[in-house]
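The structure appears below as structure tokens.
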Amino acid sequence: MIISRNIDGARQIIYKHKKNVHLATGLNEYNELSQSSINRGIECLALFAERLNGFPAENVRIVATYTLRIAINRLKFLNEAAKVLPYPIEIISGQEEARLIYLGTMTAESTNENDSKFVVDIGGGSTEIAIGKGNDLKPILVASRPMGCVTYTKQFFPQKKIDYHSFQQAKLAAEQQIENLINLIKKQNISAAFGTSGTIKSIYKILLDIGVSDGIITPKRLDDLISYVLEFNDFHEIDFPSLSEERKNVFVSGLAIFSGVFNALGLEELQFSPSALREGVLYELIDGPNYRDIRQTTAESLSQHYNIDERHAKQIVKTAKYLFSQWKAQSSMIIPQSVESILYWAAQLHEVGLKINFSSIHKHSSYILKNSNLPGFNEEQQLLLSTLVRYHRKSINIEEFPYFSLFEFKHIMAILQVLRLSILINNQRNTDLDLNAFQLILSKEKSTKVTLTINKQFVENNRLILLDLEQEKKYWKAVNDWKLSIDIF
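Residue numbers for the sequence shown follow the numbering used here, beginning at -14 and rising by one.
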């Protein structure tokens, strides 16, 4: 946990606390998290909740990584967490984790403007890698691989005994995990390499213990350290002043992973950085100096990549904003800005699937959005985006909607209705559409019962819209508590 205050645009850290829970130790072969691991995690969150007491929700961001990404019973963890912690937990993808680690590191480290920069973070269950250029805080390559000091200890050192064969197996397994990245990374001609978090911090501190004053990791220093560690028979025999008993449980496997990555990439030296994921999350939370919402950049990049009709997309976003402003003016329900923003990104990106085929475009677009790397979006934000796009046309099967822990179902229903209407009334792709020809009226009985009033003159000039709306009424009728009425004035 890290707490900071913003003073005249500058970030001042006022509190830091780290508690190793090692959730990944509780994963079984089916990726089910044990109750004891869940309990450890909840106890830690309850402790943090005491320190966060009184913080407004908009000033707090909590992210979860590898273990909750893959745990099949993660909802159980999230539900128990909600009882002790009054803030949502965002599960982020491995690629998003790598991006945030890079952001946190690069906002803290001084490098040359022309450097090709490399960052690696070895966690308990996964290892994240990111590469960037110059002063740009957005990496050009991000990757996450399922190899971590906790999971590799279970896999290669189950008895916590040290031997050359097991170490080499773990090292080769790590090299294999990044096999398809090696040439890509080498081509970048890395000139500044950084490592973050527990394993690399331990290596750095051990180098200081043995008299390496700069703590920089080089091939020879790493080889010497490995040779020394391999002289021990058991994890707990390793004797360095800075290596805690807790860290000894996972250090050897972490060292093997790091050695595999370091050697495979042919790095000449690597520095430890104390700034990583937490600092990256914090930087975005306070918006950084002139930092733009990365999600908007992501949406624009996707639009360009899939050759979306930009004028049409902008018209639908404009329509969605127009209709949603009317919805908000009539409803007592308060929909968070974070949800409203996803409505507009769905409006902007609903046609990415045209790259595949117009037939079933809603399914193609949803698939692309669900399975692409979307920097800035957490797992549920990305899932909501793809779900809205999946149901922007044709029939609506509520039973197939995924479960969301961060978003309320009634909010999703509201923005889905607005999205569908916004796209439908732009079916003829008129760039000069007069939005004043439309008014959205919510039923006082239930906000999911909607009347769309349309100017008579507009209908006379666009007769196909009535046919489209008649079909849309049938789709709405099939959904419980939904109703669409049309009124021509």
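The beta carbon of each residue, even a glycine, is placed where N, CA and C say it ideally should be.
Handout entry: Selected residue, minimal CA-CA separation from L420, among A67, I400, S317, K303
Key = Locating residue 420 in the sequence shown gives position 435, counting from the first residue. Comparing Cα positions, the closest option is K303.
Practice task
Please go through the region 345 to 430 and give each complete beta strand (DSSP E) segment of 3 or more residues, from N-terminal end onward.
Solution key: 423 to 427
Exercise for the section: Using alpha carbons as the reference points, say which of V235, G39, L60 lies closest to E17. Expected result: Within the sequence shown, numbered from 1, the residue matching residue 17 stands at position 32. For the residues V235, G39, L60, the minimum Cα distance to E17 belongs to L60.
Exercise for the section: For T52, collect the residues of the same chain with a Cβ closer than 6 Å to its Cβ; drop the 5 residues on either side in sequence, then sort them by chain order. Expected result: In the sequence shown, residue 52 corresponds to position 67, counting from 1. For T52, where only same-chain residues beyond five positions count, the Cβ hits under 6 Å are L8, A9, G110.
Practice task
Please state whether DSSP places D272 in a helix, a strand or coil.
Solution key: Along the sequence shown, one-based indexing puts residue 272 at 287. DSSP places D272 in coil when its eight states are reduced to three.
Handout entry: Inter-residue CB distance, I242 and Y137 (contact presumed, cutoff 8 Å)
Key = Translated into the one-based positions of the sequence shown, residue 242 becomes position 257. Translated into the one-based positions of the sequence shown, residue 137 becomes position 152. The Cβ separation is near 6 Å, so the contact holds.
Practice task
Give the straight-line distance between the Cα atoms of R448 and K348, rounded to the nearest whole angstrom.
Solution key: Working through the sequence shown from its first residue, we reach residue 448 at position 463. Working through the sequence shown from its first residue, we reach residue 348 at position 363. Near 28 Å, if we compare the C-alpha coordinates of K348 and R448.
Exercise for the section: Return the bridge partner residues of Q100 from the DSSP annotation. Expected result: Indexing the sequence shown from 1 puts residue 100 at position 115. Looking at the sequence provided, one finds Asp at residue 100 rather than Gln. The partner list for D100 (beta bridge, DSSP) is empty, contrary to what the question assumes.
Practice task
Following the continuous alpha helix (DSSP H) through F62, name the residue where it begins and the one where it ends.
Solution key: Within the sequence shown, the letter at position 77 stands for residue 62. Unbroken alpha helix (DSSP H) run through F62: 59 to 69.
Problem - CB contact flag (I408, L369, <9 Å) - result: Walking along the sequence shown from the start, residue 408 turns up at place 423. Walking along the sequence shown from the start, residue 369 turns up at place 384. No, the pair does not count as a contact, with Cβ atoms beyond the cut-off.
Exercise for the section: Hey, could you find the ends of the beta strand (DSSP E) I47 is sitting in? Expected result: Mapped onto the sequence shown, residue 47 falls at position 62. That run of the beta strand (DSSP E) goes 47 to 49.
Handout entry: Under the three-state DSSP convention, the category L126 falls into
Key = Numbered from its first residue, the sequence shown carries residue 126 at position 141. In the structure shown, L126 sits in a strand (DSSP, three-state: E or B).
Handout entry: Cα-Cα separation, S286 to F152
Key = Here residue 286 is taken as the residue at index 301 of the sequence shown, counted from 1. Here residue 152 is taken as the residue at index 167 of the sequence shown, counted from 1. Computed Cα separation, rounded: 42 Å.
Practice task
Rank I439, K379, A178 by C-alpha distance to the C-alpha of L308 and give the top, closest one.
Solution key: Here residue 308 is taken as the residue at index 323 of the sequence shown, counted from 1. Closest option to L308, Cα to Cα, is I439.
Problem - Residues that DSSP places opposite R(-10) in a beta bridge - result: Here residue -10 refers to the residue found at position 5 when the sequence shown is read from its first residue. Its beta-bridge partners are Q(-3).
Exercise for the section: Using beta-carbon positions only, say whether T181 and G89 come within less than 9 Å of one another. Expected result: Here residue 181 refers to the residue found at position 196 of the sequence shown. Here residue 89 refers to the residue found at position 104 of the sequence shown. Cβ atoms of T181 and G89: closer than 9 Å.
Practice task
Would you kindly work out how many angstroms separate the C-alpha atoms of E418 and S323, rounded to a whole number?
Solution key: Walking along the sequence shown from the start, residue 418 turns up at place 433. Walking along the sequence shown from the start, residue 323 turns up at place 338. Per the sequence shown, the amino acid found at residue 418 is Leu instead of Glu. C-alpha separation (whole angstroms): 28 Å.
Problem - Spatial distance of Y15 from R54 (CA atoms) - result: Counting from one through the sequence shown, the residue named residue 15 turns up at place 30. Counting from one through the sequence shown, the residue named residue 54 turns up at place 69. Cα to Cα, the separation comes out at about 13 Å.
Practice task
Please work out which residues of its chain come closer than 6 Å, Cβ to Cβ, to K190, disregarding the five sequence neighbours upstream and downstream, and give them in chain order.
Solution key: Taking the first residue of the sequence shown as 1, we reach residue 190 at position 205. S227, listed in sequence order.
Problem - Uninterrupted alpha helix (DSSP H) stretches inside the region 75 to 121 (no shorter than 4 residues) - result: 79 to 91
Practice task
Report yes if the C-beta distance between S22 and V48 is below 9 Å; otherwise report no.
Solution key: Stepping through the sequence shown from its first residue, residue 22 is reached at position 37. Stepping through the sequence shown from its first residue, residue 48 is reached at position 63. No.
Handout entry: Counted within 10 angstroms of its Cβ, other Cβ atoms place R36 as buried (16 or more) or exposed
Key = Reading the sequence shown from its first residue, position 51 is the one you call residue 36. Counting Cβ neighbours within 10 Å, R36 comes out exposed, since fewer than 16 surround it.
Handout entry: DSSP bridge partner residues for T181 (one or two, in chain order)
Key = Working through the sequence shown from its first residue, we reach residue 181 at position 196. Beta-bridge pairing links T181 to D106, S258.
Practice task
For the beta strand (DSSP E) containing V435, list its first residue and its last residue.
Solution key: Against the sequence shown, residue 435 aligns to sequence position 450. That run of the beta strand (DSSP E) goes 434 to 439.
Problem - Own chain, CB closer than 8 Å to Y149, minus 5 neighbours either side, in chain order - result: Position 164 of the sequence shown, counted from the start, is the residue given in the question as residue 149. If we look at Y149 and ignore the five residues flanking it on each side, its Cβ neighbours are L215.
Practice task
Give every residue of the same chain whose Cβ lies closer than 8 Å to the Cβ of F392, excluding the five residues on either side of it in the sequence, and list them in chain order.
Solution key: Along the sequence shown, one-based indexing puts residue 392 at 407. For F392, where only same-chain residues beyond five positions count, the Cβ hits under 8 Å are V324, E365, L369.
Exercise for the section: Closer than 8 Å by C-beta to S32: which residues in its own chain qualify, once you throw out the five before and the five after it? Chain order, please. Expected result: In the sequence shown, residue 32 corresponds to position 47, counting from 1. According to the sequence provided, residue 32 is Leu. The question's Ser does not apply to it. Taken in chain order, the residues that qualify are K4.
Practice task
Please list, in chain order, all residues of the same chain as C134 whose beta carbon is under 8 Å from its beta carbon, the five residues on each side excluded.
Solution key: Here the question's residue 134 lines up with position 149 in the sequence shown. Answer for C134: I107, G108, G109, G183, T184, V235, F236, S238, G239, I242, listed in chain order.
Practice task
Using the DSSP secondary-structure output, state which residues sit across from S470 in a beta bridge.
Solution key: Numbered from 1 along the sequence shown, position 485 holds the residue referred to as residue 470. The partner list for S470 (beta bridge, DSSP) reads T436.
Exercise for the section: Give me whichever residues DSSP pairs with L12 in a beta bridge. Expected result: As a first step, residue 12 is located in the sequence shown; it is residue number 27 there, counting from the start. According to DSSP, L12 bridges with L18.
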